[in-house]
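Accompanying notes for the structure given below.
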Amino acid sequence: MAFSTNFMCPALILVAATVVTCLNANKSCKYQHPQTLFCLSDFAIKARIISMGKITVTNDIANPVQITSYKIHVKKFFLDRSNSIGFDMWQKNVKLQVEQSLVASKSAITLQPKSTYVIFGSFSQDRKHLILKQCGFYAPWHNITREQRFGLRHAYNDNCHRCNIKLCHNVENNKDKKKLCTANKNECLWKPKVMAFSHCPLNSSVVISTDCHALHSTCAYHSSNQRCTWIYSKSVRKCKMEYDRDLHRSRSPYKYHCK
């Protein structure tokens, strides 16, 4: 499943004893749930890539940044904070710039013309174009799950100012970390299981494209108990059952080669 924050670990297949070779493309990117990335963005859109333009590289020798320009057609917006800054999201041939460090990332973000993506990002300072940065979210529309589509249309935005997702990882064999891994009433705990089986630091692409909560759950406020809790679905339960089955068969359903 080709998600990204940068989602560029293309060899991933969810079967028992799968061997995945990842280049740790974005070591500097924090593990973030799609809902968190949505709430931190200026915009979230469904867009068709019209064409790719020129590629330029900044003159910063220590950290050169590659900038790739695209023309896109915005088909739908899920989050649009452009009204406050005067950006016309519905103009024809919207310009999108993809910015990525050539030092921190070994795999390039490439958007395919004539393909449709979900993209989260920010507005340029001059308010003339959109920006997708190295740790931003993009994914082919056909890879967005039913629960993620519901989140994009309603649940993510409704809960941005009410709920936070707290990441807890590598806590299973650490009593001290377990004590710290608690949630208040405005938080949902997120424990990506796949991270427990990695022998090298995983980039966000592996975590988000394999984790059941990232794919099928939303952290939402419930007025009945005045707390934020995960919204579960049949899909997330099925996902967890498949994960546990693969874990039982091979002890570790995901094996990683570090580079």
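So the number in this note's numbering is just where the residue sits in the sequence shown, counting from 1, plus 989. For glycine and all other residues, C-beta sits at the position ideal for the given N, C-alpha and C.
Within 10 angstroms of its Cβ, does residue i collect 16 or more other Cβ (buried), or is it exposed?
i: L1169; result: exposed
i: A1051; result: exposed
i: S1213; result: exposed
i: T1099; result: exposed
i: V1092; result: exposed
i: R1107; result: Strictly speaking, residue 1107 in this sequence is Val, with Arg absent from that position. It is buried - the Cβ of V1107 has at least 16 other Cβ atoms within 10 Å.
Can you tell me where the beta strand (DSSP E) holding residue i begins and where it ends?
i: P1023; result: Taken as a continuous stretch (DSSP letters only), P1023 belongs to no beta strand (DSSP E), being part of the alpha helix (DSSP H) at 1023-1028.
i: H1062; result: 1054-1069
i: R1216; result: 1216-1220
i: C1177; result: 1176-1179
i: P1129; result: 1127-1129
i: T1099; result: T1099 -> no beta strand (DSSP E), and no H or E assigned at all.
i: T1105; result: 1105-1112
i: N1153; result: 1153-1156
How long is the line joining the alpha carbons of residue i and residue j, rounded to whole angstroms?
i: P1146; j: F1126; result: Per the sequence shown, the amino acid found at residue 1146 is Asn instead of Pro. Cα to Cα, the separation comes out at about 16 Å.
i: C1152; j: I1133; result: 22 Å
i: N1082; j: R1116; result: 15 Å
i: R1138; j: A1144; result: 9 Å
i: M1230; j: H1205; result: 13 Å
i: H1022; j: A1203; result: 6 Å
i: S1113; j: L1119; result: 6 Å
i: I1097; j: D1233; result: Sequence check: residue 1097 is Ala here, not Ile. If I take the Cα positions, the gap works out to 33 Å.
i: A1209; j: Q1024; result: 10 Å
i: H1188; j: V1087; result: Interpretation of H1188 is limited by its pLDDT of 41, a score under 50 that renders its predicted location unreliable; the figure taken from the coordinates is listed afterwards. Rounded to the nearest angstrom, the two C-alpha atoms are 30 Å apart.
i: T1047; j: K1122; result: 14 Å
i: I1220; j: S1071; result: 29 Å
i: K1180; j: T1057; result: 34 Å
What whole-angstrom Cβ distance do residue i and residue j have, given they're in contact under 8 Å?
i: Q1089; j: V1054; result: 7 Å
i: I1061; j: I1038; result: 6 Å
i: Y1020; j: M1041; result: Contact flag wrong, Cβ pair sits at about 29 Å.
i: C1028; j: C1149; result: 4 Å
i: G1110; j: S1030; result: 6 Å
i: E1176; j: C1217; result: 6 Å
Which two residues bound the contiguous alpha helix (DSSP H) that contains residue i?
i: Q1086; result: Careful: Q1086 lies outside any alpha helix (DSSP H), inside the beta strand (DSSP E) at 1083-1090.
i: C1201; result: 1201-1205
i: F1032; result: F1032 -> not in any alpha helix (DSSP H); beta strand (DSSP E) instead, spanning 1032-1046.
i: H1135; result: Residue identity differs from the one stated: residue 1135 is Arg in this sequence, not His. Segment 1135-1139, the alpha helix (DSSP H) holding R1135.
Give me, in chain order, the residues of the same chain whose beta-carbon lies closer than 6 Å to that of residue i; leave out the 5 immediate sequence neighbours on both sides.
i: S1222; result: E1136, H1205
i: V1225; result: C1201, H1205, S1206
i: S1104; result: I1038
i: K1065; result: K1035
i: A1084; result: Rather than Ala, the amino acid found at residue 1084 in this sequence is Lys. The residues are H1118.
So that I know if they touch, is there some Cβ in chain D lying closer than 9 Å to that of residue i?
i: E1176; result: Of the protein chains in this structure there is only one, and it is not chain D.
Starting from the C-beta of residue i, find all residues in its chain whose C-beta is less than 7 Å away, skip the five residues before and the five after it, and write them out in chain order.
i: L1178; result: K1155, C1157, C1170, A1172
i: Q1215; result: K1174
i: R1142; result: F1067
i: L1003; result: Legend: pLDDT at L1003 = 34, less than 50; position of this residue unreliable, value from coordinates given subsequently. Excluding positions up to five away in sequence, the list reads T1199.
To which residues of the same chain is residue i closer than 8 Å at the C-beta, ignoring the five residues directly before and after it?
i: P1102; result: I1038, I1039, S1040, M1041
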